[in-house]
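**Q** Line by line, the protein sequences are chains A and B.
In short: position in the first sequence from 1, add 91, done, that's my numbering.
In short: position in the second sequence from 1, add 15, done, that's my numbering.
Below are the structure tokens for one structure; questions will follow.
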Amino acid sequence: MSFGMHIMEGFLPLPWAVVWFAVMLPFIYLSIKKARRLVEQNPKALLLLAFAGAFTFVLSALKLPSVTGSCSHPTGVALGAILFGPVVMALIGLIVLLFQALLLAHGGLTTLGANVVSMAIIGPFVTYGVYALLKRTKLPHWVAVLCGAALGSLATYFATALQLALAYPGGPDGFYGSLVKFTAIFAVTQLPIAVIEGILTVLVVDLLYAYNRQEVESLRNLSIGGEQA
Amino acid sequence: MKRNAILIVIMLALVVYALYSNQGAEFGGADSQAKAVIAELSPGYEPWFESIWEPPSGEVESLLFALQAALGTGFICYYIGYCIGRNKGRAQS
Chain A
92 MSFGMHIMEG FLPLPWAVVW FAVMLPFIYL SIKKARRLVE QNPKALLLLA
142 FAGAFTFVLS ALKLPSVTGS CSHPTGVALG AILFGPVVMA LIGLIVLLFQ
192 ALLLAHGGLT TLGANVVSMA IIGPFVTYGV YALLKRTKLP HWVAVLCGAA
242 LGSLATYFAT ALQLALAYPG GPDGFYGSLV KFTAIFAVTQ LPIAVIEGIL
292 TVLVVDLLYA YNRQEVESLR NLSIGGEQA
Chain B
16 MKRNAILIVI MLALVVYALY SNQGAEFGGA DSQAKAVIAE LSPGYEPWFE
66 SIWEPPSGEV ESLLFALQAA LGTGFICYYI GYCIGRNKGR AQS
């Protein structure tokens with residue numbers, strides 16, 4: 092019995108494995124470029140990048156029971172997406188997923204592309220989009236963090252369901268039938284986990300702001316301010 | 016801080032409720048269920064690649080997961096402690 096929630100090793104047919112690797116590569120390139128530039132502009136960024144990575148590391152080790160009677164784990168990519176923008180998380184997510192694929196037989200090498208796309212690209216982009224949108228409203232900052240992290244987490248698992256449905260559209264109800272089935276497994280299990288992920292992200296952002304507000308904000312301006320302008 | 020206390024209670028309640036409302040459930044991974052659906056949708060599908068290395072037992076696997084969490088938490092606490100110390104140093108000088 093395995094307890095993973097990424098797409099399992101060998102379970103994506105070769106063409107799809109290749110497709111998702113191809114989608115992943117340009118983001119990894121941009122991610123490395125961006126991380127390198129951040130650290131060049133401000134060497135202190137390295138510590139905070141490592142902090143975001145450590146948060147992802149911890150959260151993806153927490154396999155939590157869900158109301159569906161099965162387990163899933165948070166992704167932990169929201170913190171980095173909120174601090175640095177979504178692009179950097181592709182690299183951090185790749186490292187975490189590689190660790191899990193090699194040492195824990197969790198996810199896999201052939202499915203690495205697909206898993207990076209769902210967890211380290213789609214998740215962070217949704218998180219960042221929701222967060223940026225809500226930040227412009229009058230809602231308190233922590234609500235924006237909570238909703239961004241929770242919806243990003245859900246989006247990751249919806250993307251996983253979509254990837255599997257695309258690869259296995261062969262049931263009697265075709266692609267949509269498969270999508271409903273895989274969504275029921277991944278996204279529904281993830282619902283309460285996503286709320287937990289949102290809360291944990293609020294707590295850690297709070298911690299950072301309490302002890303290092305100045306540096307966090309100056310790095311955010313460096314990282315995100317330039318992109319939006 | 017009161018807000019965070021409430022959030023932590025909600026978090027615990029979600030986990031406890033999941034365990035309480037599904038007594039007797041297996042709490043396996045979502046991917047085990049996905050395998051079953053794949054077998055149903057595409058009978059005869061054989062995974063074409065095996066994991067290079069698998070933890071030899073559940074015990075070794077939980078060791079690795081505990082290490083993963085410990086390393087991450089260790090760094091997070093190191094960083095926060097570093098900030099606290101630095102802030103104190105600045106306040107004194």
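Cβ coordinates follow ideal geometry from the N, Cα and C atoms, glycine included.
1) Look at residue 121 of chain A and residue 208 of chain A and say whether their C-beta atoms are less than 8 Å apart.
2) Restricting to Cα atoms, I'd like to know which of A/175, A/113, A/155 and A/255 is closest to residue 128 of chain A.
3) Going by the beta-carbon positions, is the gap between residue 205 of chain A and residue 270 of chain A smaller than 8 Å?
4) Is there at least one Cβ from chain B nearer than 8 Å to residue 156 of chain A's Cβ?
5) Which chain B residues are close to residue 280 of chain A, counting only those with a beta carbon under 8 Å from its beta carbon?
6) Per DSSP, residue 163 of chain A forms a beta bridge with which residues?
7) Pick out the complete alpha helix (DSSP H) segments inside the stretch 180–214 of chain A, 4 residues or longer, and give them in chain order.
8) Mind pulling the chain B residues with CB within less than 9 Å of residue 286 of chain A?
9) Have a look at the DSSP bridge pairing and note the partners of residue 44 of chain B.
10) May I ask which residues mark the beginning and end of the alpha helix (DSSP H) holding residue 88 of chain B?
11) Could you tell me whether any Cβ in chain A is nearer than 8 Å to the Cβ of residue 107 of chain B?
12) Listing by chain order, which chain B residues have their CB less than 8 Å from the CB of residue 162 of chain A?
13) By the criterion of Cβ-Cβ separation under 8 Å, what are the contact partners of residue 20 of chain B in chain A?
14) Is the beta carbon of residue 225 of chain A closer than 8 Å to that of residue 235 of chain A?
15) Quick check: residue 142 of chain A and residue 91 of chain B, are their CB atoms within less than 8 Å of each other?
16) Quick one: residues in its chain with C-beta nearer than 6 Å to the C-beta of residue 200 of chain A, no 5 flanking neighbours on either side, listed in chain order?
17) Can you give me the C-alpha to C-alpha distance between residue 19 of chain B and residue 294 of chain A, rounded to a whole angstrom?
18) Tell me whether residue 16 of chain B sits in a helix, a strand or coil according to DSSP, three-state version.
19) Specify the secondary structure class of residue 297 of chain A as computed by DSSP and reduced to three states.
20) In terms of alpha-carbon separation, which member of A/212, A/163, A/291 and A/150 lies closest to residue 81 of chain B?
21) Can you check whether the CB of residue 288 of chain A is closer than 8 Å to the CB of residue 169 of chain A?
22) Could you please tell me which residues of the stretch 64–83 of chain B, in chain order, have their CB closer than 9 Å to any CB of chain A?
23) Which bits of chain A does residue 33 of chain B rub up against, with CB to CB less than 7 Å?
24) Select from the stretch 254–276 of chain A all residues with a C-beta closer than 7 Å to any C-beta belonging to chain B, and list them in chain order.
25) Excluding sequence positions up to five away, which residues of its chain have a Cβ less than 8 Å from the Cβ of residue 286 of chain A?
26) Let me check understanding here. Comparing Cα to Cα, which of A/264, A/188, A/221 and A/113 lies closest to residue 173 of chain A?
27) Using a Cβ-Cβ cutoff of less than 6 Å, which residues in the same chain neighbour residue 116 of chain A once the five nearest sequence positions on both sides are dropped?
**A** Straight from the coordinates:
1) Looking up residue 121 of chain A in the first sequence gives position 30. Looking up residue 208 of chain A in the first sequence gives position 117. No, the Cβ-Cβ distance between residue 121 of chain A and residue 208 of chain A is not below 8 Å.
2) Counting from one through the first sequence, the residue named residue 128 of chain A turns up at place 37. Taking only the C-alpha atoms, the option nearest residue 128 of chain A is A/175.
3) As a working mapping, residue 205 of chain A is identified with position 114 in the first sequence. As a working mapping, residue 270 of chain A is identified with position 179 in the first sequence. No.
4) Along the first sequence, read from residue 1 onward, the residue named residue 156 of chain A stands at position 65. Yes, because at least one Cβ of chain B sits closer than 8 Å to the Cβ of residue 156 of chain A.
5) Position 189 of the first sequence, counting from 1, holds the residue named residue 280 of chain A. Neighbours of residue 280 of chain A on chain B, chain order: 45.
6) Translated into positions along the first sequence, residue 163 of chain A becomes position 72. Its beta-bridge partners are A/155.
7) 180–194 and 203–207
8) Taking the first sequence and counting its residues from 1, the one referred to as residue 286 of chain A is at position 195. Those are 25, 26 and 29, listed as they occur along chain B.
9) Position 29 of the second sequence, counting from 1, holds the residue named residue 44 of chain B. Answer is A/162, bridged to residue 44 of chain B.
10) As a first step, residue 88 of chain B is located in the second sequence; it is residue number 73 there, counting from the start. Here the alpha helix (DSSP H) through residue 88 of chain B covers 73–107.
11) By 1-based counting over the second sequence, the position of residue 107 of chain B is 92. Chain A, which has no Cβ nearer than 8 Å to the Cβ of residue 107 of chain B, makes this no.
12) Indexing the first sequence from 1 puts residue 162 of chain A at position 71. Under the 8 Å cutoff, chain B gives 42, 43, 44 and 45.
13) Residue 20 of chain B sits at position 5 when you count from the first residue of the second sequence. Within 8 Å Cβ-Cβ: nothing; residue 20 of chain B doesn't reach chain A, min ~11 Å.
14) Numbered from 1 along the first sequence, position 144 holds the residue referred to as residue 235 of chain A. Numbered from 1 along the first sequence, position 134 holds the residue referred to as residue 225 of chain A. Yes. Within cutoff.
15) For this step, residue 142 of chain A is matched to residue 51 along the first sequence. For this step, residue 91 of chain B is matched to residue 76 along the second sequence. The answer is yes: Cβ separation under 8 Å.
16) The residue labelled residue 200 of chain A in the question sits at position 109 within the first sequence. Contacts found: 192.
17) The residue given as residue 19 of chain B occupies position 4 in the second sequence. The residue given as residue 294 of chain A occupies position 203 in the first sequence. About 7 Å.
18) Taking the first residue of the second sequence as 1, we reach residue 16 of chain B at position 1. Note: residue 16 of chain B maps to coil in three-state DSSP.
19) Residue mapping note: residue 297 of chain A aligns to position 206 of the first sequence, counting from 1. Note: residue 297 of chain A maps to helix in three-state DSSP.
20) Within the second sequence, numbered from 1, the residue matching residue 81 of chain B stands at position 66. Residue 81 of chain B has its Cα closest to that of A/150, out of A/212, A/163, A/291 and A/150.
21) Locating residue 169 of chain A in the first sequence gives position 78, counting from the first residue. Locating residue 288 of chain A in the first sequence gives position 197, counting from the first residue. Their beta carbons are under 8 Å apart, which means residue 169 of chain A touches residue 288 of chain A by this criterion.
22) 64, 65, 66, 67, 68, 69, 70, 73, 76, 79, 80, 81, 82 and 83
23) Numbered from its first residue, the second sequence carries residue 33 of chain B at position 18. Within chain A, the residues near residue 33 of chain B are 156, 157, 158 and 283.
24) 255, 259, 261, 262, 269, 272, 273 and 276
25) Indexing the first sequence from 1 puts residue 286 of chain A at position 195. Only 241 meet the Cβ criterion.
26) Here residue 173 of chain A refers to the residue found at position 82 of the first sequence. Among A/264, A/188, A/221 and A/113, the Cα nearest to that of residue 173 of chain A belongs to A/221.
27) What you label residue 116 of chain A is simply residue 25 of the first sequence in a count that begins at 1. Taken in chain order, the list of residues that qualify is empty.
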